[in-house]
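There are 2 protein chains.
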Amino acid sequence: MLRLSKLTDYAVVVMVRLGRGEAVQTSPCIAAATGVPEPTVAKVLKILSAAGLVASHRGARGGYRLVRPLDAVPIADIIAAIDGPIALTACVDGGTSCEAQGLCPMRGRWDPVNRAIEAALAGITLADMADPGPTFAAPGEAAALGPRALPLSALHVAE
Amino acid sequence: MLRLSKLTDYAVVVMVRLGRGEAVQTSPCIAAATGVPEPTVAKVLKILSAAGLVASHRGARGGYRLVRPLDAVPIADIIAAIDGPIALTACVDGGTSCEAQGLCPMRGRWDPVNRAIEAALAGITLADMADPGPTFAAPGEAAALGPRALPLSALHVAE
DNA sequence: GATAAGGGGACCGCAACGGTCCTGTTTCGT
DNA sequence: ACGAAACAGGACCGTTGCGGTCCCCTTATC
Numbered sequence: 006m007l008r009l010s011k012l013t014d015y016a017v018v019v020m021v022r023l024g025r026g027e028a029v030q031t032s033p034c035i036a037a038a039t040g041v042p043e044p045t046v047a048k049v050l051k052i053l054s055a056a057g058l059v060a061s062h063r064g065a066r067g068g069y070r071l072v073r074p075l076d077a078v079p080i081a082d083i084i085a086a087i088d089g090p091i092a093l094t095a096c097v098d099g100g101t102s103c104e105a106q107g108l109c110p111m112r113g114r115w116d117p118v119n120r121a122i123e124a125a126l127a128g129i130t131l132a133d134m135a136d137p138g139p140t141f142a143a144p145g146e147a148a149a150l151g152p153r154a155l156p157l158s159a160l161h162v163a164e
Numbered sequence: 006m007l008r009l010s011k012l013t014d015y016a017v018v019v020m021v022r023l024g025r026g027e028a029v030q031t032s033p034c035i036a037a038a039t040g041v042p043e044p045t046v047a048k049v050l051k052i053l054s055a056a057g058l059v060a061s062h063r064g065a066r067g068g069y070r071l072v073r074p075l076d077a078v079p080i081a082d083i084i085a086a087i088d089g090p091i092a093l094t095a096c097v098d099g100g101t102s103c104e105a106q107g108l109c110p111m112r113g114r115w116d117p118v119n120r121a122i123e124a125a126l127a128g129i130t131l132a133d134m135a136d137p138g139p140t141f142a143a144p145g146e147a148a149a150l151g152p153r154a155l156p157l158s159a160l161h162v163a164e
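First to last, the sequence lines map onto chains R and A. In this text, residue positions in the first sequence follow this note's numbering: the first is 6, and each later residue adds one. In this text, residue positions in the second sequence follow this note's numbering: the first is 6, and each later residue adds one.
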């Protein structure tokens with residue numbers, strides 16, 4: 006299914022959340038606002054921090070803030086931070102495999118595919134995924150929309 | 006890593022092999038020619054046959070043949086046949102999940118990403134991944150190329 | 001009728017992922 | 001100076017899906 010890790014999904018939610026409200030937000034606060042379990046939020050933020058996508062501030066009154074605005078963060082960066090480099094097969098990156106056989110029939114063949122995907126992902130920013138805009142849906146309105154097609158901001162009413 | 010299943014990799018190898026030589030080839034023959042284990046080749050071919058990408062002929066002197074030429078088979082078809090529909094997250098296809106929470110913050114947000122990837126994969130055909138052309142590398146030449154950048158035809162010298 | 005080949009499953013081991021928790025270390029507030 | 005708040009980093013399992021193999025049945029040719 007071209008599996009994308011669930012953590013990446015959470016990372017987008019967390020990043021978009023960071024793009025709103027206070028400039029510096031704590032992970033418990035983000036967890037409460039998004040509905041994502043707090044340990045998971047913390048884990049995601051640690052990874053994003055290590056990747057340089059968010060900046061952290063330690064100690065009391067600490068928290069995280071965005072380094073770049075949402076429209077300057079391509080989705081490819083998030084995927085690369087959580088799931089590692091964008092490569093469809095294990096044969097194309099470090100190249101540690103395929104040594105046993107000595108001859109991997111697909112050597113380098115997936116490169117154009119990987120480049121095409123990378124280009125596609127580089128053209129979409131987090132702002133594109135959060136574009137419902139500044140209007141927040143009220144709880145009643147969100148429920149009226151049914152289980153499908155809920156805007157990203159649906160969970161933000163909890164804030 | 007945007008994991009793509011290994012079976013898909015094998016499927017491309019098998020399909021490209023089917024694009025060469027005899028029109029109808031048996032799975033043991035393909036296994037011997039590509040170096041892929043025979044049970045795995047058979048499994049891949051069954052899936053490809055069910056997806057309509059190859060046609061099968063049962064009985065003695067049976068085998069498989071391509072339905073469409075390689076340059077008419079986008080890589081997206083192979084991925085869809087092996088890995089299922091191209092969708093980065095479980096939330097975008099059938100939509101059976103996220104019912105427990107009732108509110109999935111990413112509802113529909115991944116759609117543009119999925120469409121971009123699908124478009125990218127639809128533009129690359131199997132012929133693009135097999136383009137070393139009619140010239141087959143001799144074993145010595147293939148070895149001289151080093152562990153990297155081996156052409157797809159490298160294993161076909163075994164035929 | 002014997003044989004060769006595909007059809008359709010079932011089966012099991014393994015590795016990766018999701019999710020949680022624990023123990024530091026740092027900084028702000030009192 | 002002390003304590004609390006919050007990040008840093010890693011360890012820890014359960015689960016899930018995948019890779020790989022094997023079996024029996026059906027079909028078609030010789």
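Heads up, the beta-carbon is just placed ideally off N, CA and C, and yes, glycines get one too.
Would you call residue i buried or exposed, if buried means 16 or more other Cβ atoms sit within 10 Å of its Cβ?
{"i": "aspartate 76(R)", "result": "exposed"}
{"i": "glycine 26(A)", "result": "exposed"}
{"i": "alanine 124(R)", "result": "exposed"}
{"i": "aspartate 57(A)", "result": "Note on identity: in this sequence residue 57(A) is glycine, with aspartate being the wrong assignment. So glycine 57(A) ends up on the exposed side."}
{"i": "alanine 65(A)", "result": "exposed"}
{"i": "alanine 16(R)", "result": "buried"}
{"i": "glycine 68(R)", "result": "buried"}
Would you say residue i reaches chain A, if we count a Cβ-Cβ gap shorter than 7 Å as a contact?
{"i": "valine 118(R)", "result": "yes"}
{"i": "methionine 20(R)", "result": "no"}
{"i": "isoleucine 87(R)", "result": "no"}
{"i": "isoleucine 52(R)", "result": "no"}
{"i": "alanine 37(R)", "result": "no"}
{"i": "alanine 125(R)", "result": "yes"}
{"i": "isoleucine 83(R)", "result": "no"}
Pull up the CB-CB distance for residue i and residue j, whole angstroms please, since I reckon it's below 8 Å.
{"i": "serine 32(R)", "j": "valine 46(R)", "result": "5 Å"}
{"i": "valine 19(A)", "j": "isoleucine 35(A)", "result": "6 Å"}
{"i": "leucine 23(A)", "j": "valine 49(A)", "result": "So it is not a contact: roughly 11 Å between Cβ atoms."}
{"i": "leucine 53(A)", "j": "alanine 86(A)", "result": "6 Å"}
Go through its chain and collect everything with a Cβ distance to residue i's Cβ below 6 Å, but skip five positions before and after it.
{"i": "alanine 28(A)", "result": "Arg70"}
{"i": "isoleucine 80(R)", "result": "Leu126, Ile129"}
{"i": "valine 41(R)", "result": "Tyr15"}
{"i": "alanine 132(R)", "result": "Leu75, Asp76"}
Strictly under 7 Å for the Cβ-Cβ distance: is residue i near chain R by that measure?
{"i": "leucine 7(A)", "result": "yes"}
{"i": "alanine 121(A)", "result": "yes"}
{"i": "arginine 114(A)", "result": "yes"}
Skipping 5 residues on each side, what residues in its chain have a beta carbon closer than 7 Å to that of residue i?
{"i": "glutamate 43(A)", "result": "Ser32, Pro33, Ala36"}
{"i": "serine 10(R)", "result": "Ile87, Asp88"}
{"i": "glutamine 30(A)", "result": "Leu23, Gly68, Tyr69"}
What first and last residue would you give for the alpha helix (DSSP H) that runs through residue i?
{"i": "alanine 81(A)", "result": "80-88"}
{"i": "alanine 28(A)", "result": "Careful: alanine 28(A) lies outside any alpha helix (DSSP H) and carries neither H nor E."}
Between which residues of its own chain and residue i is the CB-CB distance below 8 Å, once the five residues before and five after are set aside?
{"i": "aspartate 82(R)", "result": "Ala56, Leu58"}
{"i": "arginine 73(A)", "result": "Leu58"}
{"i": "methionine 134(R)", "result": "Val17, Val21, Ile80, Leu157"}
The beta strand (DSSP E) that contains residue i, what's its start and end?
{"i": "arginine 70(R)", "result": "68-71"}
{"i": "alanine 77(R)", "result": "It is not in any beta strand (DSSP E) - alanine 77(R) carries neither H nor E in the DSSP assignment."}
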